[in-house]
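Participant: The structure follows.
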Amino acid sequence: MKINIQNEIIFSTARSGGKGGQHVNKVETMVVGRWPVMQSALFTEEQKKQINRQLQNKITKDGYLLVKSQQARTQLENKAIVIHKMQNWIEAALKKKKARIASVPTAASKQHKEVAKHSRAKIKLMRKKFRPNDIV
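What follows is the structure in structure tokens.
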């Protein structure tokens, strides 16, 4: 499911940290993207709730999905990275998980388990002190 949320993302820029010398101190290459999940017109209410549930640790108290990137050297590349990350997170949050079908143990495995239990019980029984009036 490909829904383009690029038009709803609010972008802001800041100075990137790390190495880079004089140039990094005067150029704002880090991009922070904020997307208001509950105000989005692209998704239904149920989908918005599912996104909120799945991405709750990435959504701020104000209801914004927050993503930042400072790995590229240009603002445009970082902006593309932010958009790509958000798209991937949203697609993953909306993906339906397959219901797990419980497996049934085979007859052979049940029999093997029973045999193993009895042999273990015999070993433990042999550890007991023998008394003449006990009948095994």
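All residue numbers for the sequence shown refer to my numbering, where the first residue is 951 and numbers rise by one. Where is the CB? At the ideal position from N, CA and C, for every residue including glycine. Just so it is clear, the structure is predicted and the values come from calculations on it, not from any experiment.
#1: For the beta strand (DSSP E) that contains A964, what are its first and last residues?
#2: Output the distance between the C-alpha atoms of K1072 and K1079, rounded to the nearest integer angstrom.
#3: Which residue from N1028, A1058, Q1004 puts its Cα closest to that of A1042?
#4: With DSSP run on the structure shown, which of helix, strand or coil describes S1053?
#5: Any idea which residues DSSP pairs I1040 with across the strands?
#6: Cutting at 8 Å between CB atoms, please list the residues of its own chain near L988, excluding the five before and the five after it.
#7: So the alpha helix (DSSP H) R1003 belongs to, where does it begin and stop?
#8: Where do the N-terminal and C-terminal ends of the beta strand (DSSP E) with M988 fall, by residue?
Facilitator: In short, the structure shows the following:
#1: 960-964
#2: Using only the alpha carbons, I get a separation of about 13 Å.
#3: It is Q1004.
#4: coil
#5: Answer is none; I1040 lacks a bridge partner.
#6: Here the sequence assigns Met to residue 988, which means Leu is not the residue at that position. Answer for M988: K998, N1002, G1013, listed in chain order.
#7: 995-1004
#8: Taken as a continuous stretch (DSSP letters only), M988 belongs to no beta strand (DSSP E), as it is neither H nor E.
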